[in-house]
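K.L.:
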Amino acid sequence: MTTTETRGTPARVASTLLHGATLVVLAPLGALVGAVSTVGAGWLTRYWEAASYVPTLVLAALAAYLVLLYAGARLVAWGCGSPVGAVVFGAGYVLALSALVGYTRGGDLLLTAHIVNYAYMFGAMLALALAFVRSGLGEADRRNRFGPS
Numbered sequence: 064m065t066t067t068e069t070r071g072t073p074a075r076v077a078s079t080l081l082h083g084a085t086l087v088v089l090a091p092l093g094a095l096v097g098a099v100s101t102v103g104a105g106w107l108t109r110y111w112e113a114a115s116y117v118p119t120l121v122l123a124a125l126a127a128y129l130v131l132l133y134a135g136a137r138l139v140a141w142g143c144g145s146p147v148g149a150v151v152f153g154a155g156y157v158l159a160l161s162a163l164v165g166y167t168r169g170g171d172l173l174l175t176a177h178i179v180n181y182a183y184m185f186g187a188m189l190a191l192a193l194a195f196v197r198s199g200l201g202e203a204d205r206r207n208r209f210g211p212s
């Protein structure tokens with residue numbers, strides 16, 4: 064069987080449809096994670112000056128969150144079988160983050176002009192970009208997973 068004969072098989076069509084449906088779900092999932100974590104990140108500076116150990120805890124929590132975000136985006140790319148999953152998830156995340164920066168409709172400010180909030184915003188974008196770059200599948204892995212192209 065040549066590769067041209069296997070392209071139209073029902074399994075191949077179902078795989079393509081499932082991949083497309085997964086990408087459609089990942090964008091709102093990324094937006095949801097971005098919205099919830101942006102609201103949570105707004106609380107990072109609330110007690111910044113309360114005690115001497117609070118900044119250390121905040122920075123440790125921020126670092127842990129960025130590592131989890133990176134790992135989650137890598138997991139999404141691995142599950143999709145291509146870096147496109149990380150891109151779609153990251154696009155939803157960044158759109159939600161961008162929409163929530165600044166004043167909300169009620170006049171609330173979610174992220175202030177504080178160094179920790181900037182570290183959150185740019186750190187999250189960097190973690191998503193690194194997850195995309197590092198999730199590129201090698202040619203051998205592509206052939207083993209999807210067959211010869």
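The opening residue of the sequence shown carries number 64 in my numbering; numbering runs sequentially from there.
Cβ coordinates follow ideal geometry from the N, Cα and C atoms, glycine included.
Going straight from the alpha carbon of R197 to that of R137, what length do you get?
P.N.:
Distance between the alpha carbons of R197 and R137: 8 Å.
K.L.:
Measuring only the C-alpha atoms, how far is L86 from L131?
P.N.:
Computed Cα separation, rounded: 20 Å.
K.L.:
Between the segment 96-111 and the segment 175-183, do at least 3 Cβ pairs fall closer than 8 Å?
P.N.:
Yes, the segment 96-111 is in contact with the segment 175-183.
K.L.:
Pull up the DSSP beta-bridge partners for L132, would you.
P.N.:
In the DSSP output, where bridge partners are listed per residue, L132 has none listed.
K.L.:
Counting along the chain, where does the alpha helix (DSSP H) carrying Y110 start and finish?
P.N.:
No alpha helix (DSSP H) contains Y110, which DSSP labels as neither H nor E.
K.L.:
Go ahead and pull the three-state DSSP assignment for L172.
P.N.:
The answer is strand: DSSP assigns L172 an E or B state.
K.L.:
For V179, which three-state DSSP category applies?
P.N.:
The answer is helix: DSSP assigns V179 an H, G or I state.
K.L.:
Mind checking whether R155 and G199 have CB atoms under 8 Å apart?
P.N.:
First, the amino acid is wrong: residue 155 is Gly here, not Arg. Result no, Cβ atoms of G155 and G199 do not sit closer than 8 Å.
K.L.:
Have a look at S161 and F152 and give me their C-alpha separation to the nearest angstrom.
P.N.:
Straight-line Cα distance between these residues: approximately 14 Å.
K.L.:
Are the Cβ atoms of L218 and L163 separated by less than 8 Å?
P.N.:
Here the chain has residues from 64 to 212 only, and residue 218 is not among them.
K.L.:
Decide if P146 is buried, meaning its Cβ has at least 16 other Cβ atoms within 10 Å, or exposed.
P.N.:
It counts as buried.
K.L.:
Let me know if G93 comes out buried or exposed under the rule of 16 or more other beta-carbons within 10 Å of its beta-carbon.
P.N.:
Under this definition G93 is a buried residue.
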